[in-house]
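Working notes, beginning with the structure itself.
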Amino acid sequence: NAGVTQTPKFRVLKTGQSMTLLCAQDMNHEYMYWYRQDPGMGLRLIHYSVGEGTTAKGEVPDGYNVSRLKKQNFLLGLESAAPSQTSVYFCASSILAGASTFYNEQFFGPGTRLTVL
Amino acid sequence: AQSVSQHNHHVILSEAASLELGCNYSYGGTVNLFWYVQYPGQHLQLLLKYFSGDPLVKGIKGFEAEFIKSKFSFNLRKPSVQWSDTAEYFCAVNPPNDYKLSFGAGTTVTVRA
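Heads up: the sequence lines are chains A and B, in that order.
For any residue, its number in the numbering used here is found by taking its place in the first sequence, counting from 1, and adding 39.
For any residue, its number in the numbering used here is found by taking its place in the second sequence, counting from 1, and adding 112.
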């Protein structure tokens, strides 16, 4: 049981280049999330998904796109990278626990450190 | 705006000192509360969580947190820190009927031997 994995671990891009970050989870979780972590700002939600084939915008979605074609995978795309997107990106997943209350305990991946020059 | 506030940006302690990190939130209604820890170069790990019941929650590695509903607070404590507790600590709140977590800005804790 690997939990949440992310690919790649590190990447350096030039401004304007594109890339896709892959998140995979083997816990059969319904919900998946992409965050970015910047110094002094905590984690900010980029996009999230409440199930296969569904995605929604989070707090800072501009410049990013996502897809959830399979339940276990959640992809984050940067179509035209900008230096402001230099950050550490974390993926997380969670499951509804409890019959009537949503217990959103999230499990995090190891992160991807992205530098945009 | 709804938010999660962590009062201390950076805390420096000596080993065996006591630690208390403050967390306040501004959401109304029933919330779920979490403390996560991020050791240098690693991903976030759950320290403890509060969903309901006893407001004093015990987590891993000797940490505990107290939920005070009237103060909208969820402060983290450890009676005696170790050098290995050097890390960044994040408070997170799951607002009512929401899939998302809102994180505080984090507190960096440095424990000196």
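The beta carbon of each residue, even a glycine, is placed where N, CA and C say it ideally should be.
| Which chain B residues are close to A/Glu91, counting only those with a beta carbon under 8 Å from its beta carbon? | A/Glu91 does not reach chain B, its nearest Cβ partner there being about 15 Å away, counting only Cβ pairs nearer than 8 Å.
| field | Per-residue DSSP class, three states only, for B/Gly174 | value | In this structure, B/Gly174 counts as helix in the three-state DSSP scheme.
| said: In whole angstroms, give me the CA-to-CA distance for A/Phe129 and B/Asp210. | reply: Rounded to the nearest angstrom, the two C-alpha atoms are 20 Å apart.
| said: Any C-beta of chain B within less than 7 Å: which residues of the stretch 118 to 136 of chain A qualify? | reply: Among the residues of the stretch 118 to 136 of chain A, those with a Cβ less than 7 Å away from any Cβ of chain B are Phe129, in the order of the chain.
| Euclidean distance between Cα positions of B/His119 and B/Gln154 | If you take the alpha carbons of B/His119 and B/Gln154, they lie about 23 Å apart.
| query | How many angstroms separate the CA atom of B/Ser117 from the CA atom of B/Val221? | reply | Looking at the two C-alpha atoms, the distance is approximately 16 Å.
| message | At the level of alpha carbons, what is the spacing between A/Met40 and B/Ser130? | response | The displayed chain sequence assigns Asn, not Met, to residue 40 of chain A. Distance between the alpha carbons of A/Asn40 and B/Ser130 is about 36 Å.
| Nearest neighbour of B/Gly141, chosen from B/Phe163, B/Tyr148 and B/His122 [CA to CA] | Among B/Phe163, B/Tyr148 and B/His122, the Cα nearest to that of B/Gly141 belongs to B/Phe163.
| request: Select from B/Pro152, B/Ser138 and B/Leu145 the residue whose C-alpha is nearest the C-alpha of B/Val94. | output: Within the shown structure, residues of chain B are numbered from 113 to 225, placing residue 94 of chain B beyond reach of any answer.
| message | Check whether chain A comes within 8 Å of B/Lys183, counting only Cβ atoms and requiring the distance to be less than that. | response | Taking Cβ atoms only, chain A never reaches closer than 8 Å to B/Lys183, which makes this a no.
| query | What does DSSP give as the partner residues of A/Ala131 in its beta bridges? | reply | DSSP, once it has assigned bridges, lists A/Tyr72 and A/Phe147 as partnering A/Ala131.
| request: Pick out whichever of A/Arg50, A/Asn67 and A/Met66 has its Cα sitting closest to the Cα of A/Thr59. | output: A/Thr59 has its Cα closest to that of A/Arg50, out of A/Arg50, A/Asn67 and A/Met66.
| message | Please return the same chain residues whose Cβ sits closer than 7 Å to the Cβ of A/Gly55, not counting the five positions on each side in sequence. | response | Only Ser119 and Ala120 meet the Cβ criterion.
| field | 8 Å contact criterion, which B/Leu125 and B/Val169 should meet: CB distance rounded | value | So it is not a contact: roughly 22 Å between Cβ atoms.
| request: Please determine, among B/Lys181, B/Leu133 and B/Glu176, the residue with the shortest C-alpha to C-alpha distance to B/Leu160. | output: Taking each of B/Lys181, B/Leu133 and B/Glu176 in turn and checking the Cα distance to B/Leu160, the smallest one comes out for B/Glu176.
| said: With a threshold of 8 Å between beta carbons, is B/Lys173 in contact with chain A? | reply: So, not an interface residue.
| message | Judging by CA-CA distance, which residue of A/Gly150, A/Gly92, A/Ile134 and A/Leu115 is the nearest neighbour of A/Arg107? | response | Measuring from the Cα of A/Arg107, the nearest candidate turns out to be A/Gly92.
| Through-space distance from B/Phe202 to B/Val149, alpha-carbon basis | Distance between the alpha carbons of B/Val149 and B/Phe202: 6 Å.
| query | Where does the unbroken beta strand (DSSP E) through A/Lys110 begin, and where does it stop? | reply | Careful: A/Lys110 lies outside any beta strand (DSSP E) and carries neither H nor E.
| message | Checking the sheet assignment: what are the DSSP bridge partners for B/Ser214? | response | According to DSSP, B/Ser214 bridges with B/Val205.
| Hey, out of B/Leu188, B/Asp197 and B/Ser185, whose CA is closest to B/Ala225's CA? | Of B/Leu188, B/Asp197 and B/Ser185, the residue nearest in Cα terms is B/Asp197.
| task | Would you kindly check if the distance between the Cβ of B/Asn187 and the Cβ of B/Asn144 is under 8 Å? | result | With respect to B/Asn187, B/Asn144 sits apart: the two C-beta atoms are not nearer than 8 Å.
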